[in-house]
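Visitor: Provided herewith is a single structure, encoded as structure tokens, for subsequent inquiry.
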Amino acid sequence: METKPAAVSDQLKCKNCGAILHFEPGTRNLKCDYCGEVNEIDTTPAVVEAIAYDKFISEVQPYQDTKNAQVVNCKSCGSQTVFDKNVTAGKCPFCASPLVIELTVNQTILRPHYILPFMITCDGANDFFKKWMKGLWFAPNDLTEKVNSNASSPLQGVYMPYWLYDTDTTTRYTGQRGEYYYTTETYTETVNGKTETRTRRVRHTRWYDTSGTVYCNFENVTVPSSQSLPQDTMIKLGPWDFNQLTNFDERYLSGFRSENFQVTVQEGLGVAEKLIQPQIEDEVRSDIGGDEQRIDSTSTQHNNLGVKYVMLPVWVSSYKYNNKIYQFTVNACTGEVIGQRPYSAIKIILAVLAALAVIALLIIFFSGNQQASY
Numbered sequence: 001m002e003t004k005p006a007a008v009s010d011q012l013k014c015k016n017c018g019a020i021l022h023f024e025p026g027t028r029n030l031k032c033d034y035c036g037e038v039n040e041i042d043t044t045p046a047v048v049e050a051i052a053y054d055k056f057i058s059e060v061q062p063y064q065d066t067k068n069a070q071v072v073n074c075k076s077c078g079s080q081t082v083f084d085k086n087v088t089a090g091k092c093p094f095c096a097s098p099l100v101i102e103l104t105v106n107q108t109i110l111r112p113h114y115i116l117p118f119m120i121t122c123d124g125a126n127d128f129f130k131k132w133m134k135g136l137w138f139a140p141n142d143l144t145e146k147v148n149s150n151a152s153s154p155l156q157g158v159y160m161p162y163w164l165y166d167t168d169t170t171t172r173y174t175g176q177r178g179e180y181y182y183t184t185e186t187y188t189e190t191v192n193g194k195t196e197t198r199t200r201r202v203r204h205t206r207w208y209d210t211s212g213t214v215y216c217n218f219e220n221v222t223v224p225s226s227q228s229l230p231q232d233t234m235i236k237l238g239p240w241d242f243n244q245l246t247n248f249d250e251r252y253l254s255g256f257r258s259e260n261f262q263v264t265v266q267e268g269l270g271v272a273e274k275l276i277q278p279q280i281e282d283e284v285r286s287d288i289g290g291d292e293q294r295i296d297s298t299s300t301q302h303n304n305l306g307v308k309y310v311m312l313p314v315w316v317s318s319y320k321y322n323n324k325i326y327q328f329t330v331n332a333c334t335g336e337v338i339g340q341r342p343y344s345a346i347k348i349i350l351a352v353l354a355a356l357a358v359i360a361l362l363i364i365f366f367s368g369n370q371q372a373s374y
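Mind the numbering: the sequence shown is residues 1 to 374 in UniProt numbering, read in order.
Pasting the structure below:
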């Protein structure tokens, strides 16, 4: 492990001018920003396999696969960003606060198993952001104009850490199966001042106790392992094309930041269990059958539980509107944009008033028709 950083740094030097090569999104190339020299990253096709969960957590350094890194802690938002050793200044990619590079800590961090390289360039991500902004409902009329005129935080490419879990689950359950049956009942109704006797069909449900076992297979259950961005934001950035995963190579990081994981693999498993629970319950309801289902209890056991530690690419930035900062993120593979946005109170009020007016007109219309029928 001691010779690897030197070997990587040598591969990042331009053979023509000696400048640092940067990874070019959408390619497998390293490119020199000064002379245009292009070096291809020679990688072998990845065989993506999960590591057995029990083995992963039982070893202090799984497979001794660690690396030394310069980790900068942001005092404002608490993020832990990994910087290149030659970086002397910078801003936090998550809150845009200045980072004190002198206060970095050299840590031994877990080396990711796989990485999904950037596919969308900075300009491409900016185009996706503009399209997203134009499609916002109830946005202030001057939003686009002010965002374009005011200097916003530049887009920063960050590799975000995620845990991917594979598991075969066995779930035992108890519950109730509801089956419909119908009866005919008699009732009276006043029509044109006269009382009439009528009948109607009434639906009832008969419940039966039941129990059983269902089996589910899950692959690449995606759990964010960073706390620098809201968890729901990182989840909504998906889905990801995991067919494009490749073996981790530090050369893909050149020109980008990377975030160290802050959520342990054990904590991530708890999140994964919550994410897969709705699908397990759907399988339970399907197994119960009938017309309605009630689930009283479930007990799930994991089989062949595996984990992968991966880096996924995200463009992060923010914009200012009326002296307030709004953060947004762009999936650097699909262009999916998840972001904060302002709302126009006037547009919302007008929409509510319009809806109330339509409801009032419908009430008047139907009331008039009923009176005319008498």
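Glycine included, every Cβ here is placed at the ideal spot set by N, Cα and C.
Cα-Cα, which of 301, 38 and 321 is closest to residue 142?
Guide: Selected option, being the one with the closest Cα: 321.
Visitor: Are the segment 167 to 182 and the segment 326 to 343 touching, with three or more C-beta to C-beta distances below 8 Å?
Guide: The answer is no - the segment 326 to 343 does not touch the segment 167 to 182, with fewer than three Cβ pairs under 8 Å.
Visitor: Please state whether DSSP places residue 138 in a helix, a strand or coil.
Guide: The answer is coil: DSSP assigns residue 138 none of H, G, I, E or B.
Visitor: Can you confirm whether the segment 193 to 200 touches the segment 338 to 348 when touching is taken to mean that 3 or more C-beta pairs between the two stretches lie within less than 8 Å?
Guide: In short, these stretches do not touch, since the Cβ pair count stays below three.
Visitor: In whole angstroms, what separates the C-alpha of residue 215 from that of residue 304?
Guide: Computed Cα separation, rounded: 13 Å.
Visitor: Which residues in the same chain as residue 147 place their Cβ atom closer than 6 Å to its Cβ, once the five residues preceding and following it in sequence are excluded?
Guide: Taken in chain order, the residues that qualify are 319.
Visitor: Express the C-alpha separation of residue 131 and residue 252 in angstroms, rounding to a whole number.
Guide: Those two C-alpha atoms are separated by around 28 Å.
Visitor: Along the chain, where does the beta strand (DSSP E) that runs through residue 229 open and close?
Guide: It is not in any beta strand (DSSP E) - residue 229 carries neither H nor E in the DSSP assignment.
Visitor: Three-state secondary structure (DSSP) at residue 283?
Guide: The answer is helix: DSSP assigns residue 283 an H, G or I state.
Visitor: How would you write the range of the beta strand (DSSP E) that residue 325 sits in, first residue to last?
Guide: Residue 325 -> beta strand (DSSP E) spans 324 to 331.
Visitor: Would you kindly report the start and end of the unbroken beta strand (DSSP E) that includes residue 241?
Guide: Element bounds for residue 241: n/a, residue is neither H nor E.
Visitor: Go through its chain and collect everything with a Cβ distance to residue 300's Cβ below 6 Å, but skip five positions before and after it.
Guide: Hits under 6 Å: 169 and 171.
Visitor: How about the segment 207 to 222 and the segment 274 to 288: do they share at least three Cβ pairs that are nearer than 8 Å?
Guide: Short answer: they touch.
Visitor: Could you give the DSSP three-state label for residue 58: helix, strand or coil?
Guide: Residue state, collapsed to three classes: helix.
Visitor: Tell me which residues share the same chain as residue 269 and place their Cβ nearer than 7 Å to its Cβ, disregarding the 5 neighbours each side in the sequence.
Guide: Closer than 7 Å at Cβ, skipping near neighbours: 165.
Visitor: So, using beta-carbon positions, are residue 314 and residue 129 closer together than 8 Å?
Guide: No, the Cβ-Cβ distance between residue 314 and residue 129 is not below 8 Å.
Visitor: Counting Cβ pairs, one atom from each stretch, are 3 or more of them under 8 Å apart for the segment 115 to 127 and the segment 241 to 249?
Guide: These segments touch.
Visitor: On the three-state DSSP scale, how would you describe residue 11?
Guide: Note: residue 11 maps to helix in three-state DSSP.
Visitor: CB residue 256 to CB residue 226, shorter than 8 Å?
Guide: Their beta carbons are not under 8 Å apart, which means residue 256 does not touch residue 226 by this criterion.
Visitor: Which residues does DSSP pair with residue 24 in a beta bridge?
Guide: DSSP output for residue 24 lists 29 as bridge partner(s).
Visitor: Going by the beta-carbon positions, is the gap between residue 163 and residue 48 smaller than 8 Å?
Guide: Cβ distance not < 8 Å, so residue 163 and residue 48 don't count as in contact.
Visitor: Which residues in the same chain as residue 137 place their Cβ atom closer than 7 Å to its Cβ, once the five residues preceding and following it in sequence are excluded?
Guide: The answer is none, since no qualifying residue turns up.
Visitor: Taking all protein chains shown into account, do 16 or more other C-beta atoms lie within 10 angstroms of the C-beta of residue 193, making it buried, or fewer, making it exposed?
Guide: Under this definition residue 193 is an exposed residue.
Visitor: Measure the alpha-carbon distance for residue 12 versus residue 25 and round it to whole angstroms.
Guide: The alpha-carbon atoms of residue 12 and residue 25 are separated by roughly 16 Å.
Visitor: Output needed for residue 20: all residues of its chain with C-beta closer than 6 Å, excluding positions within five of it in sequence on either side, in chain order.
Guide: Excluding sequence neighbours, residue 20 sits near 12.
Visitor: Which residue's Cα is closest to the Cα of residue 434: 235, 29 and 33?
Guide: In this structure the chain extends from 1 to 374, so residue 434 is not present and cannot be described.
Visitor: Report the option in 28, 306 and 23 whose CA atom is closest to the CA atom of residue 122.
Guide: For the residues 28, 306 and 23, the minimum Cα distance to residue 122 belongs to 23.
Visitor: Starting from the Cα of residue 109, find the closest Cα among 161, 139 and 140 and give me that residue.
Guide: When each option's Cα is compared against that of residue 109, the closest is 161.
Visitor: By alpha-carbon positions, which one of 28, 219 and 51 ends up nearest to residue 45?
Guide: Measuring from the Cα of residue 45, the nearest candidate turns out to be 28.
Visitor: Using the DSSP secondary-structure output, state which residues sit across from residue 301 in a beta bridge.
Guide: 170, per the DSSP bridge assignment.
Visitor: Alpha carbon to alpha carbon, how far is residue 159 from residue 51?
Guide: Their backbone Cα atoms lie some 21 Å apart in a straight line.
Visitor: Taking the alpha carbon of residue 236 as the reference point, which residue from 287, 228, 224 and 127 has its own alpha carbon closest?
Guide: Considering only alpha carbons, the answer is 224.
Visitor: Taking the DSSP output, what are the residues bridged to residue 178?
Guide: Answer is 207 and 292, bridged to residue 178.
Visitor: Taking only the alpha-carbon atoms, compute the straight-line gap between residue 307 and residue 352 and give it to the nearest angstrom.
Guide: In a straight line, the C-alpha of residue 307 is about 48 Å away from that of residue 352.
Visitor: Measuring straight from C-alpha to C-alpha, what distance separates residue 135 and residue 144?
Guide: Cα-Cα distance, rounded: 11 Å.
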